[in-house]
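**Student:**
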């Protein structure tokens, strides 16, 4: 699960604390749900699930369901569904990005090959859909499948624009909205739809999830430059290596002098060499405020996320969601 910063005790629990018992149930069900008579499918599934992870999406569904007053058993099952969906996207991501490490472990495709990894991810998608069908809510099924479509579209758009140094901030936002925020937002919507909420409150939870997801991905992109590998679980500079142009770089290219802009473009036009020039890249991003501008955008999204929660009645769950919005921009992994 997502860890708290060392030495930073909180008076308000985060969702991971509030729904700890339900998350334990989700972890147990993940292993049960991905059991397969085909040993390789089972081994691949348990390999990536056994590496842990933040469990952000199930925690959000469980906490928003509490905020909506839901007390039934289906919150855990739907939280399981969301983690299966998320894990499947990670497995496919690792193949697309040629990533060798995920959560401090070898990626599935590196150990078992691309074909087995992709198909096991497909099986996870199908298992998640089966849970939704069993629950039988067409509105939730529609919301989740729409989000999955958007995730796929966001990934395709990102691939199409790899290495494009002229990408606009608006296009970057479109990509992360689809590939990250859409699934986080639907977790919050689905939690609200479980309870006795008004349409306006469900919409507010979706808005909270959107802004939280945008901030989360922006901070992820910042951490790709600055995080320590032992805490991050993968080498820094992976975005540059794969030709992904993220917000700190976009802002720096806009603000730099012609000479420095051309130097940065030269480095970025050779992605594998860009990692070797990381110190120079970091210096340019710091000089022109690329990090600060990107972080300011993330903070603005967390502020909007908190404001959206005012549509909900006061509760420990609502407070935990607000605390998470603050934590997202303070995390170091």
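In my numbering, the protein residues as written are 79 to 411. Just so it is clear, CB atoms sit at the ideal spot from N, CA and C, and this is done for glycine as well.
1. Run the CB neighbour count on residue 310, radius 10 Å, all protein chains shown included, and call it buried at 16 or more, exposed below.
2. Cβ of residue 225 within 8 Å of Cβ of residue 264?
3. Is the CB-CB distance between residue 262 and residue 291 below 8 Å?
4. Going by DSSP, what residue range makes up the alpha helix (DSSP H) through residue 90?
5. Name, in chain order, the residues that DSSP records as bridge partners for residue 180.
6. What are the boundary residues of the alpha helix (DSSP H) that includes residue 275?
7. Looking at the unbroken alpha helix (DSSP H) that takes in residue 320, where does it start and where does it end?
8. Name the residue from 288, 204, 319 whose alpha carbon lies nearest to the alpha carbon of residue 303.
9. According to DSSP, is residue 136 part of a helix, a strand, or is it coil?
10. So the candidates are 250, 108, 269; which of them puts its Cα closest to the Cα of residue 131?
11. Could you pull out every residue in the same chain whose Cβ sits closer than 8 Å to the Cβ of residue 382, ignoring the five residues on either side in sequence?
12. What's the gap between the Cα of residue 147 and the Cα of residue 283?
13. In the DSSP assignment, the alpha helix (DSSP H) including residue 245 goes from what residue to what residue?
14. Please identify the residue among 167, 275, 106, 293 whose C-alpha is closest to the C-alpha of residue 154.
15. When DSSP labels each residue in this structure, what does residue 117 get in the three-state scheme?
16. Could you spell out the range, first to last residue, of the alpha helix (DSSP H) harbouring residue 361?
17. Going along the chain, which residues of its own chain have a beta-carbon closer than 8 Å to the beta-carbon of residue 326, five neighbours each way excluded?
18. For residue 353, name the three-state secondary structure that DSSP assigns.
19. Considering only residues of the same chain and omitting the five flanking positions on each side of residue 406, which have a CB-CB separation below 7 Å?
20. Taking only the alpha-carbon atoms, compute the straight-line gap between residue 235 and residue 254 and give it to the nearest angstrom.
21. Among 374, 145, 274, 241, which residue has its Cα nearest to the Cα of residue 392?
22. Between the C-alpha atoms of residue 96 and residue 334, what's the straight-line distance to the nearest angstrom?
23. If residue 163 and residue 206 are in contact, beta carbons under 8 Å, what's the gap, nearest whole angstrom?
24. Leaving aside the five residues before and after residue 217 along the sequence, list all residues of the same chain whose C-beta is less than 8 Å from its C-beta, in chain order.
25. Counting only the same chain and skipping the five closest in sequence on each side, list residues whose C-beta sits under 6 Å from that of residue 129.
26. Assuming residue 139 and residue 268 form a contact by the criterion Cβ under 8 Å, report the distance between their Cβ atoms to the nearest whole angstrom.
27. Would you kindly check if the distance between the Cβ of residue 398 and the Cβ of residue 134 is under 8 Å?
28. Got a sec, what are the start and stop residues for the alpha helix (DSSP H) residue 232 sits in?
29. Could you tell me the boundaries of the alpha helix (DSSP H) in which residue 212 lies?
30. Out of curiosity, what's the CA-to-CA distance linking residue 193 and residue 345?
31. Between the alpha carbons of residue 347 and residue 355, how many angstroms are there, rounded?
32. Tell me the rounded alpha-carbon separation between residue 102 and residue 336.
33. Buried or exposed for residue 340, going by 16 or more other Cβ atoms inside 10 Å?
34. Determine whether the beta carbon atoms of residue 247 and residue 328 lie at a separation below 8 Å.
**Tutor:** Put simply:
1. Residue confidence for residue 310 is low, a pLDDT of 49 falling below 50, so the modelled location carries little weight and cannot support an answer.
2. yes
3. yes
4. Here residue 90 belongs to no alpha helix (DSSP H), and DSSP marks it neither H nor E.
5. 183
6. Premise fails: residue 275 is in no alpha helix (DSSP H) and is neither H nor E.
7. Unbroken run through residue 320: none, as it is neither H nor E.
8. 319
9. helix
10. 108
11. The residues are 285, 289.
12. 13 Å
13. In the DSSP annotation of this structure, residue 245 is not part of any alpha helix (DSSP H), being labelled neither H nor E.
14. 106
15. helix
16. Counting along the chain, the alpha helix (DSSP H) containing residue 361 begins and ends at 356-365.
17. 299, 300, 303, 363, 368, 369, 371, 372
18. helix
19. 290, 293, 294, 297, 380
20. 10 Å
21. 145
22. 45 Å
23. 5 Å
24. 271
25. Excluding positions up to five away in sequence, the list reads 181, 183.
26. 6 Å
27. Result no, Cβ atoms of residue 134 and residue 398 do not sit closer than 8 Å.
28. 216-238
29. Per DSSP, residue 212 belongs to the alpha helix (DSSP H) from 192-213.
30. For residue 193 and residue 345, the distance between alpha carbons rounds to 33 Å.
31. 12 Å
32. Near 54 Å, if we compare the C-alpha coordinates of residue 336 and residue 102.
33. exposed
34. yes
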